[in-house]
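K.L.:
Counting with full-length UniProt numbering, you get residues 1 to 857 for the letters of the sequence shown.
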Amino acid sequence: MRAAGLEMPYLKQWGADRRMAPHGLAGQVLLQEWLEERCGWSGRSTAQFAVVIGGHHGVPPEPAQVADLDAHPELLRTPGSSEALWRRVQEELLEACADEFGVRGRLGEWRRVLLPQPVQVVLSAMVIVADWIASNPDLFPYFPAEQGRTGAERAIAAWQALGLPEPWRPREPQGSAAELITARFELPKGAVVRPVQEAAVRVAREMPEPGLLIVEAPMGEGKTEAALAAAEVLAARSGAGGVFFALPTMATSNAMFPRLLTWLDRLPAGEGEQLSVLLAHSKAALNDDFAEVKFGARVASVDVDADGQVPMPGAEQRAAPAELVAHQWLSGRKKGMLASFVVGTVDQLLFAGLKSRHLALRHLALVGKVVVIDEAHAYDAYMNTYLDRVLGWLGAYRVPVVVLSATLPAGRRRELAEAYAGAPGGTEAFTPVGQASGYPLLTAVCPGHPPLLEQPAASGRAGSVRLEGLEDDLGVLAGRLEADLAGGGCVLVVRNTVKRVLETAKVLRAHFGSEAVTVAHARFLDVDRAAKDKDLLERFGPQATLGDGRPTKHIVVASQVAEQSLDVDFDLLVTDLAPVDLLLQRIGRLHRHERKDRPGRLQDPRCWVTGVDWTAEPPEPVRGSQVVYGRHALLRSLAVLQPHLAKAGPVVRLPQDISPLVQQAYGPHPVGPEGWAQAMAQAQLAHEQVRAEKARAADTFRIGAAGKAGRPILGWLRGGAGDADDTRAGRAQVRDSPESLEVVVVEQCGDGSLATVSWAGGGRGGLALPTDAVPAPRAAQAAMACSLRLPPEVAHPQVIDRVIAELEQFCVPAWQAKDSSWLAGELILPLGADCQTRLAGFRLQYSPDDGLEVSRE
C-alpha cells in the first residue's frame with residue numbers, strides 16, 4: 001500500500017486509539033460519510049443502512065463508538081500528503097460497489113426510505129452469512145491468480161462446492177382439510193379427522209393474512225397434526241421456506257423429530273428437491289434418527305465457524321432418504337437454525353430475545369419459517385418474558401406462528417395475542433381474546449386486523465374422571481393399591497420430586513415385588529432414559545394389549561416426565577397435587593386409549609390426589625411440591641378442584657371441564673371457601689412478588705421491542721450476555737432454573753482403567769476408554785450417551801465450587817486433544833464397581849432401575 005502512495009503508520013505508531021476503529025465500524029463511518037458528501041443523504045438516513053456494515057461481526061456498534069470515531073478521522077485515513085489519495089481510493093471502492101450491484105441510480109430514492117428495524121436486522125444477518133462464506137479458504141483460496149479464474153467463475157465454483165440445499169417451496173394444498181390431513185399423516189385404523197384439525201386448516205386458509213394461530217384442544221386431539229397441516233398452508237401463503245417446531249424439553253424434541261421426518265416424506269416434492277433438517281439441542285448428535293439424516297447428506301464443505309462445530313463421529317449409520325439432508329455447513333452452533341426444517345427445544349426460540357452476539361443470525365433463521373410452539377402452558381413467567389418479546393419481533397417480521405396448548409389460561413392467551421400484534425397490554429380490541437371461554441378454541445391474530453375466534457365442534461371423544469383425595473401415607477397407598485389391583489391393572493403414580501418417586505418406589509416394591517414396579521424420572525443416564533421411554537411405550541402405548549406387551553399388573557412411579565410426549569395409557573392414576581393445568585395433563589394418561597381388557601375394578605377412570613395434608617385449613621401441600629410449583633398455584637388448584645374431591649362431588653368431565661377449571665384457577669377472582677381467604681391472599685402476594693422479580697431478572701438481557709422505522713439498531717445489544725448457545729450456561733440465561741452440572745458417567749474398573757458403563761445397551765457397554773490417548777469414536781460417543789445432570793443440591797452456590805474442583809481432578813489430559821470432539825471439556829464422574837462414589841460431601845449411587853440417588857454423608 002505504501003508503494004501505491006497510501007501511507008500507513010506502523011502498529012506501534014497507532015497507539016491505543018487504533019482500537020477505536022475496528023474494520024466493521026470503520027466501514028460504517030466511511031459509508032455514512034460517502035452517502036452524505038457524495039449522494040446528498042442526511043446524517044439520520046445514512047445510519048439505518050450503514051449499521052448493517054458496522055454490525056457484521058455480530059454486534060451493532062454503540063452510538064458513542066460512532067461519535068468517537070467521527071472525532072478521530074486520522075484513524076480512517078492517514079493525515080498528510082496521502083490523505084487525499086486515501087479519500088479518493090475509499091470513494092472509488094464505494095462507487096465501484098454501487099456500480100457492480102446496479103444501485104447508483106437508486107440512491108437518490110433510498111435516502112427518503114425509513115428502513116424498519118426488522119429489515120436492518122435481517123440485512124445484517126445476510127451480510128454475516130456472506131462474509132463467513134467468502135472467508136472460507138476452502139471455497140475461496142488465498143491465491144486465486146494461480147487458478148486462472150475470473151471473480152465470477154470463483155464465486156460460481158464456491159457456491160457449487162458449498163452445495164446448500166434450496167429452501168422449501170411449499171405448494172398451496174388443494175382439496176378439503178380432511179383430505180390434507182389424511183394425505184399427510186398415517187392415521188390409526190378407524191381414526192377420523194378431528195374437528196379441531198379441520199378448523200385449524202380452514203382458519204389458516206381464511207385469516208386475512210398469515211399471522212398467529214393459537215390452537216387450544218384437549219390432550220389426544222391431534223394438535224401436532226393440526227399444527228403441521230396449518231403450517232403447510234401458512235407457508236404457502238407467506239412464502240416461508242421451512243418450519244421450526246419448538247418443544248419444552250430434549251425428550252419431547254427427540255420424540256417429535258421422527259414425526260417431522262415422516263411428515264416431510266409425505267410432502268409434495270419436485271424432482272431432485274432436497275430439504276435440510278436439523279435437530280436443535282445440545283445432544284442432537286446422539287440421536288439415532290438425526291444421525292441417519294446427517295450421514296445420508298451430501299457434504300461438500302467445511303464448517304468455517306470452527307468454534308461452533310457440532311461434533312460428529314464417523315459415518316457408521318445407514319443412509320437416510322436422499323430428499324432429507326443435514327448439511328454440514330448448517331451444523332455449526334451459530335448457523336444450525338438456518339436449516340429449513342428444525343425441531344428443537346424452546347430455548348432456541350427464546351435465544352432470539354436474548355441480547356447476544358450474532359443475534360441477527362437467529363432472527364434470519366426464524367424469518368424464513370413458520371414457527372410452531374408446543375405446550376405453551378409449560379413455560380414459567382421468566383421464560384414467558386422472553387417468549388413475548390420474541391413473538392413481538394416475529395409479528396413485526398410477519399412470521400406465521402402456531403401455538404399449541406391443552407390448558408392455556410385466558411389471560412395468557414391474551415398476552416400472547418397482544419405480544420404478536422405489537423399491541424400494548426389492555427388494548428380493547430383484545431378483550432374478547434381474554435374473555436373467550438369456549439373449548440376447543442382457535443384464536444387468529446394478524447397485525448392490523450381484529451383478532452378472530454372460532455370454537456370447533458367437539459370431537460365426540462368424551463369421558464369423566466372421579467377424583468379422590470388420598471392421605472399422604474405410603475402404607476395407606478400400598479393398601480389401597482393392593483385392593484384395587486386384586487384383579488390386575490396398570491397404575492401410574494406421579495410425584496413432584498425425584499425424592500418422593502424413590503421413596504414411593506421403595507415401599508411399593510417391598511409390597512408388590514421389584515418386578516411389578518418401574519421408576520421413571522429425569523435423573524437417569526441419557527441412554528437409560530431413552531431405553532426406559534421405549535420400554536414404557538412398548539408396554540403401555542397404543543399398540544400394547546394384554547398378552548402382547550401390556551402387563552397384567554404393574555405400577556409406574558414417575559416424576560413430571562410422565563406429563564409430556566409419551567403416548568401411554570393407565571387404568572388408575574395417583575398424583576401429587578399440582579397446578580390444575582398440569583394435573584389435567586397427567587389425567588390425560590388415564591384411560592387414554594380405547595381398551596376392552598381393563599380389569600373390572602378399573603373400568604371407570606379414577607384419580608387419587610395426594611401429597612397434601614388434608615387435615616389443615618386450608619389443606620397444605622407437601623413442602624417439595626411448594627418448592628417446585630409455589631404455594632399460590634397449588635392452593636388455587638385445590639380450590640377449584642375441591643367440589644370434585646368431595647365424597648359425593650361431581651366427576652371431572654373431559655373435555656368440557658378442562659377450560660373452566662383452568663380459567664378459574666388462573667383467573668383474577670378469589671376462589672375457595674371463605675376460611676381459606678387469608679392464606680390464599682398471602683400466597684398470592686408472595687407469588688406476585690416472585691413473578692415481578694423474575695420479570696425484572698429476565699429483562700436484564702432481553703432485547704427491546706422493534707423500534708420506529710428509520711431508527712438505526714445502534715446499541716441494539718447493549719449490555720448483552722455475550723455468546724448464547726444450547727449449553728448449560730446458555731440455557732440458564734433464558735430459563736429460571738436452579739444451577740446444575742452435567743457429567744459424563746464412566747465405570748472405573750478394578751485395575752483403575754476406565755470404560756463405558758457395563759449395562760449400556762446397543763453395543764455401548766464396557767467399551768475401553770484409554771487415559772493415555774483419545775478414545776475410539778464409538779467408545780467416546782457411547783460415553784457421551786451416558787451423561788447425567790446432577791441435582792440442584794449438588795450444584796448449590798455453597799458447594800458448586802468444591803464440586804467442580806473435585807470433578808476436575810478426574811480430567812484426562814489426553815481427552816482434551818483437538819481431535820477428541822466428543823469428550824473434550826466434559827466433566828467426568830467415575831463410578832466404582834458398586835456404582836457409587838463420593839463427591840463434595842455427598843454420596844452418589846446409581847442404578848439402571850432407580851437412576852441417581854443423592855444423600856449427604
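We put the CB at the ideal spot given by N, CA and C, even for glycine. All of these numbers come straight from a predicted model, not from anything done at the bench.
Look at the Cβ atom of arginine 606, then the Cβ atom of leucine 572, and state whether they are nearer than 8 angstroms.
P.N.:
Yes, the pair counts as a contact, with Cβ atoms nearer than the cut-off.
K.L.:
Please classify lysine 12 as buried or exposed, where buried requires at least 16 other C-beta atoms within 10 Å of its C-beta.
P.N.:
When all chains shown are included, lysine 12 counts as exposed.
K.L.:
Give the secondary structure of aspartate 604 by DSSP, where H, G and I count as helix, E and B as strand, and everything else as coil.
P.N.:
DSSP places aspartate 604 in coil when its eight states are reduced to three.
K.L.:
Spell out a yes or no on whether the segment 200–214 and the segment 226–243 are touching, meaning 3 or more CB-CB pairs, one atom from each, closer than 8 angstroms.
P.N.:
Contact between the segment 200–214 and the segment 226–243 is present, because at least three Cβ pairs lie under 8 angstroms.
K.L.:
So what does DSSP say about glutamine 160, is it helix, strand or coil?
P.N.:
Helix.
K.L.:
Going by the DSSP bridge assignment, what does histidine 554 pair with across the sheet?
P.N.:
Paired residue(s): Cys490.
K.L.:
State the Cα-Cα distance for the pair leucine 790 and arginine 838, rounded to the nearest angstrom.
P.N.:
If you take the alpha carbons of leucine 790 and arginine 838, they lie about 13 angstroms apart.
K.L.:
According to DSSP, is threonine 610 part of a helix, a strand, or is it coil?
P.N.:
Of the three classes helix, strand and coil, the one that applies to threonine 610 here is strand, per DSSP.
K.L.:
Using DSSP's beta-bridge definition, name the partner residues of serine 855.
P.N.:
Paired residues: Arg843.
K.L.:
From glutamate 198 to arginine 461, what does the alpha carbon distance come to, in whole angstroms?
P.N.:
C-alpha separation (whole angstroms): 16 angstroms.
K.L.:
How about alanine 227 and valine 433: are their beta carbons less than 8 angstroms apart?
P.N.:
Not a contact, by the Cβ cut-off of 8 angstroms.
K.L.:
Where are the beta strand (DSSP E) runs, 3 residues long or more, that stay fully inside the segment 517–594, in chain order?
P.N.:
517–520, 553–558 and 572–576, all fully within the segment 517–594.
K.L.:
Here's the rule: buried if 16 or more other CB atoms are within 10 angstroms of the residue's CB, otherwise exposed. What is lysine 223?
P.N.:
Flag for lysine 223 reads buried.
K.L.:
What's the C-alpha gap between serine 847 and proline 579?
P.N.:
Cα to Cα, the separation comes out at about 31 angstroms.
K.L.:
Taking just the CA atoms, how far does glutamate 62 sit from leucine 536?
P.N.:
Each residue's alpha carbon lies about 54 angstroms from the other.
K.L.:
Pull up the distance between the alpha-carbon of glycine 479 and that of arginine 500, whole angstroms please.
P.N.:
Looking at the two C-alpha atoms, the distance is approximately 18 angstroms.
K.L.:
Going by the CB atoms, is the gap between glycine 353 and valine 402 shorter than 8 angstroms?
P.N.:
Going by C-beta atoms, valine 402 is not nearer than 8 angstroms to glycine 353.
K.L.:
So, is the C-beta of arginine 778 closer than 8 angstroms to a C-beta in chain C?
P.N.:
Annotation note: the requested chain C is absent from the structure, which comprises a single protein chain.
K.L.:
Which first and last residues belong to the alpha helix (DSSP H) in which isoleucine 181 is found?
P.N.:
Element bounds for isoleucine 181: 177–184.
K.L.:
Which term fits lysine 708, buried or exposed, when burial requires 16 or more other beta carbons within 10 angstroms of its beta carbon?
P.N.:
Label assigned to lysine 708: exposed.
K.L.:
Could you check what DSSP says for valine 399 in three-state terms: helix, strand or coil?
P.N.:
If DSSP states are grouped into helix, strand and coil, valine 399 belongs with coil.
K.L.:
Give me the Cα-Cα distance between proline 167 and aspartate 388, rounded to the nearest whole angstrom.
P.N.:
Cα to Cα, the separation comes out at about 28 angstroms.
K.L.:
Taking DSSP as the reference, what is the three-state secondary structure of aspartate 307?
P.N.:
Since pLDDT at aspartate 307 reaches only 35, below the 50 mark, its modelled position is unreliable, and no value is offered.
K.L.:
For the putative contact between valine 498 and arginine 523, defined by C-beta atoms under 8 angstroms, what is the C-beta separation to the nearest angstrom?
P.N.:
The pair is a contact, with the Cβ atoms about 6 angstroms apart (cut-off 8 angstroms).
K.L.:
Going by DSSP in three states, glutamate 617 sits in which element: helix, strand or coil?
P.N.:
Of the three classes helix, strand and coil, the one that applies to glutamate 617 here is coil, per DSSP.
K.L.:
Distance check for methionine 219 and leucine 634, CA to CA, integer angstroms please.
P.N.:
Taking the straight line from one Cα to the other gives about 22 angstroms.
K.L.:
In whole angstroms, give me the CA-to-CA distance for leucine 350 and proline 456.
P.N.:
Whole-angstrom Cα-Cα distance: 31 angstroms.
K.L.:
Please report the residue range of the alpha helix (DSSP H) in which residue 877 lies.
P.N.:
Shown here, the chain extends from 1 to 857; a query on residue 877 therefore has no answer.
K.L.:
Write down every uninterrupted run of the alpha helix (DSSP H) in the segment 688–768 whose length is 4 residues or greater and which is fully enclosed by it, in chain order.
P.N.:
As far as the segment 688–768 is concerned, its whole alpha helix (DSSP H) runs of at least 4 residues are 728–732.
K.L.:
Could you say if the segment 393–408 and the segment 362–378 meet the contact criterion of at least three C-beta pairs nearer than 8 angstroms?
P.N.:
At 8 angstroms Cβ cutoff, the stretches touch.
K.L.:
My parser needs the alpha helix (DSSP H) runs of 4 or more residues fully inside the segment 619–645; what are they?
P.N.:
Within the segment 619–645, the complete alpha helix (DSSP H) runs of at least 4 residues are 623–629 and 631–645.
K.L.:
Identify which residue in Gln65, Pro268, Val346 and Leu107 has its Cα closest to the Cα of arginine 735.
P.N.:
Nearest of Gln65, Pro268, Val346 and Leu107 to arginine 735, Cα basis: Val346.
K.L.:
Hey, out of Gly344, Gln816 and Cys39, whose CA is closest to arginine 112's CA?
P.N.:
Here the closest residue by C-alpha is Cys39.
K.L.:
State the beta-bridge partners of arginine 838 as determined by DSSP.
P.N.:
Arginine 838 is bridged to Arg843.
K.L.:
Closest by CA to glycine 448, which one among Ala178, Ala429 and Glu503?
P.N.:
When each option's Cα is compared against that of glycine 448, the closest is Ala429.
K.L.:
Sort Glu793, Gly762 and Asp548 by Cα distance to arginine 843 and report the nearest one.
P.N.:
The candidate whose alpha carbon is nearest that of arginine 843 is Glu793.
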